[in-house]
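Notes to accompany the following structure.
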Amino acid sequence: GGNVTEKAKAVDDTTFQFTVDKAYAPSFVLNCLSATVGSVVDAKLVKEHVAAVTPSADYKWDNDFGNAWLKTGYAGSGAFKLREWRANEAVVMERNDNYYGEKAKLARVIYRNMKESSGQRLALEAGDIDVARNLEPNDLDAIAKNADLTTTSAPKGTVFYISLNQKNPNLAKPEVRQAFKYLVDYDALSSTILKGIGEIHQTFLPKGVLGELDENPFKLDVAKAKELLAKAGLADGFSVTMDVRSTQPVTGMAESIQQTLGQAGIKLEIIPGDGKQTLTKYRARNHDIYIGQWGQDYFDPNSNAQTFASNPDNSDEGKTKTLAWRNAWDIPDLTKLTEAALLEKDAAKRAAMYQDLEKKILDTSPFVIIHQQLEVAGLRKNLKGFALGPSFDTNFVGPVSKE
182 GGNVTEKAKA
192 VDDTTFQFTV
202 DKAYAPSFVL
212 NCLSATVGSV
222 VDAKLVKEHV
232 AAVTPSADYK
242 WDNDFGNAWL
252 KTGYAGSGAF
262 KLREWRANEA
272 VVMERNDNYY
282 GEKAKLARVI
292 YRNMKESSGQ
302 RLALEAGDID
312 VARNLEPNDL
322 DAIAKNADLT
332 TTSAPKGTVF
342 YISLNQKNPN
352 LAKPEVRQAF
362 KYLVDYDALS
372 STILKGIGEI
382 HQTFLPKGVL
392 GELDENPFKL
402 DVAKAKELLA
412 KAGLADGFSV
422 TMDVRSTQPV
432 TGMAESIQQT
442 LGQAGIKLEI
452 IPGDGKQTLT
462 KYRARNHDIY
472 IGQWGQDYFD
482 PNSNAQTFAS
492 NPDNSDEGKT
502 KTLAWRNAWD
512 IPDLTKLTEA
522 ALLEKDAAKR
532 AAMYQDLEKK
542 ILDTSPFVII
552 HQQLEVAGLR
562 KNLKGFALGP
572 SFDTNFVGPV
582 SKE
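Dropping the structure here:
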């Protein structure tokens, strides 16, 4: 904001002072500062690459503070520094010998952009790469049979879900919202499409986060769903569409859900599209049903609570475009509870507040949360110290070595 120079100050060489606008939970502030956007950069170097810009109503300064250069330049403070970045091809990093902590064991790390799971597996088997990520179940099975390879896994802070637009009069019925939660074959998905890459998880806070609630009350129960649909006056079912990004595992998940919805008389039309097409429609609130994933922006419960359980302005002109807003779910009471949890200083009380929110979301929401991502990486056995972190940007390679 416009007051950043007054609110964020270096008091001395080892003290940073950060003034916030509200008395937030201390853990929330620290968790935000630990996110990617809070990364420490070399101020002197960045200032050498400042570009002039024209001030506007949204941006009052006459320079970009080096932001444009930082999109491809390096001024970081981590264990590695950027040597080369070829968009959609590769990122080359080399050890930062000026790093303040323990120096990285490897002199260089190369990230290659390989979209196909099978291509990653073949490269791993041939020894062309040391780690393969985003692998599909069949490729993981092949790796398990190779004596030179192994796997490692960790739950990520990402949940997969379907959401029901409350602008659709049928989907806005409370009984229909609950019926959908009984029309997903969680067990079948877990043992097939999501085998090894996801685990059943039906609450909006992923495992490992303060306040997470490990309750999975829903199973495929077509009879129960039919009862709920009958109470909603829709005993004969209805027709509805689902926007689906043409990629796995969501395509396979959508096809499974299409089949189980059909058992209750709900005719689901799948509308395939690329990421831009499906997201643009979703963000404009023009969908019926959306299937996708939500990953935490920072490792704090508010990241998910704010988007699943808060909607300050449900009008089409609303500025806080949370997932609840995208699905036109007007929830003033839950919004207040979410705001209160953000300010609670006592960690135990804060955790209890989020668990209460999760129970309410399970009971009433238009979100059918299906599973939590389980990231699995295949790696060569001569690679030591590689571990997966809880978010997309916490897979650190500083401790990694090769024998």
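In our numbering, the protein residues as written are 182 to 584. We put the CB at the ideal spot given by N, CA and C, even for glycine.
In the DSSP output, what is residue i paired with across the bridge?
| i | result |
| --- | --- |
| residue 403 | In DSSP, residue 403 forms no bridge with anything. |
| residue 556 | 335 |
| residue 267 | 271 |
| residue 191 | 197 |
| residue 218 | Residue 218 pairs with nothing; no bridge assigned. |
| residue 449 | 421 |
| residue 582 | 565 |
Give the DSSP-derived three-state secondary structure of residue i in the structure shown.
| i | result |
| --- | --- |
| residue 242 | coil |
| residue 375 | coil |
| residue 438 | helix |
| residue 504 | helix |
| residue 426 | strand |
| residue 490 | coil |
| residue 340 | strand |
| residue 208 | helix |
| residue 252 | coil |
| residue 474 | strand |
| residue 409 | helix |
| residue 345 | strand |
| residue 369 | helix |
| residue 564 | strand |
| residue 356 | helix |
| residue 361 | helix |
Once the 5 residues before and after residue i are set aside, which same chain residues still bring their CB inside 7 Å of it?
| i | result |
| --- | --- |
| residue 345 | 352, 358, 361, 470, 508 and 547 |
| residue 519 | 486, 487, 490, 491 and 538 |
Please return the same chain residues whose Cβ sits closer than 8 Å to the Cβ of residue i, not counting the five positions on each side in sequence.
| i | result |
| --- | --- |
| residue 494 | 500, 501 and 506 |
| residue 327 | 306 |
| residue 474 | 339, 340, 341, 342, 431 and 554 |
Beta-carbon of residue i versus every beta-carbon of chain D: anything under 8 Å?
| i | result |
| --- | --- |
| residue 259 | Of the protein chains in this structure there is only one, and it is not chain D. |
Short of 6 Å in beta carbon distance, which residues of its chain neighbour residue i, apart from the five on each side in sequence? Order them along the chain.
| i | result |
| --- | --- |
| residue 452 | 422 and 424 |
Every unbroken beta strand (DSSP E) inside the region 276-335 [3 residues or more]: 289-293
Pairing CB atoms from the region 534-541 with CB atoms from the region 378-386, are three or more of them under 8 Å? yes
Check whether the region 236-254 touches the region 209-218, counting contact only when three or more Cβ pairs, one atom from each stretch, lie closer than 8 Å. no
Contact between the region 433-453 and the region 390-404 is defined here as three or more beta-carbon pairs at a separation below 8 Å; is this criterion met? yes
Quick one: any contact between the region 415-431 and the region 444-461, if contact means 3 or more CB pairs under 8 Å? yes
Can we say the region 553-565 touches the region 317-327, given the rule of at least three CB pairs closer than 8 Å? yes
Contact between the region 221-239 and the region 261-269 (3+ Cβ pairs under 8 Å): no
Closer than 8 Å is the cut-off here; do at least three beta carbon pairs connect the region 329-338 with the region 273-280? no
Runs of alpha helix (DSSP H) lying entirely within the region 513-553, each at least 4 residues, in chain order: 513-524 and 528-545
Counting beta carbon pairs with one atom in the region 316-325 and one in the region 410-421, are three or more of them shorter than 8 Å? no
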